[in-house]
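The sequence shown runs 0 to 209 under numbering that gives the first Met the number 0. Following: one structure in structure tokens, then a few remarks.
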Amino acid sequence: MRPGNRSPAPAFIQSGASLLEILVTMVILALGLLGIAGMKLTGIKDSNLAYQYTLAGIQAQDMAERMGVNWAATVSTTNGFYKNLTWWNGVTARGTNCQELSCTTAQIAADDFWLWNDTNSKALPSGNGSVSGRQSDNAQCDTQVCSHYLIAVRWSDPQLNGALGWDSFAGIAATPSTPAVAASDAYTACGNPALAANRNLRCHVLRYRP
């Protein structure tokens, strides 16, 4: 038998991607998508926090404007009125409805506080507020005309995970002539940060000078 001129069989040439390559590509793509989702989630959280601070600022300014309208109570030397309106803590009973009835300056102050905190509770998570009249040395003004008022709005933020919401505090002024809120004012208005009850809370303070 005469030997033929056979050519050697060509080697098998693989075309396309292997299963392993496809899996690696899918893992890389999944990690990238997770990273994008994480960035979007962080952006949403930051936007929500900025929105809450904006609402708190609007609410603090609202109380300052109410005090400006009820001027006689704001500059009174009598103890009461707006001088020491502590945290609302879910009080639901409204006193005299001064939107429908004729009221004294003291009744207007009390109704202002109720209406204001009713809105705080609806606008912010567990939102409530306080107003504290202070002297120039930051002592409480009971029977004097107050040098300034600290208007504080607090709300709950579980994302703090037990941390303080006013460690890095920045306040705003009610008028251009009023200095920014100091850290000591934040401590006075927002509460003792050492207390467990004050954890997981955000706080915004406006320093209002009548």
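Glycine included, C-beta positions come from ideal geometry on N, C-alpha and C.
Query	Result
G132 (DSSP reduced to helix, strand or coil)	strand
Own chain residues within Cβ distance below 7 Å of N69, not counting five before or after	T104, I107, A108, D111
Spatial distance of A132 from C140 (CA atoms)	Strictly speaking, residue 132 in this sequence is Gly, with Ala absent from that position. Approximately 6 Å between the Cα atoms of the pair.
Proximal residues to W113 (C-beta, below 7 Å), its chain only, five neighbours per side dropped	R93, G94
Within the segment 67 to 134, ranges of the alpha helix (DSSP H) (whole runs, at least 4 residues)	70 to 73, 104 to 122
Start and end residues, beta strand (DSSP E) containing R206	200 to 207
For S129 and N83, the rounded distance between their alpha carbons	8 Å
Touching by the beta-carbon criterion (3+ pairs, under 8 Å), the segment 192 to 203 and the segment 146 to 162	yes
Cβ-based neighbour list, D61, same chain, cut-off 8 Å, excluding 5 preceding and 5 following	W115, T118
Option in R153, R65, R206, S120 with minimal Cα separation from Q134	R206
Alpha-carbon to alpha-carbon, S125 and H203	14 Å
Three-state secondary structure assigned by DSSP to Q143	coil
Those residues which DSSP pairs with R153 across a bridge	N127, C202
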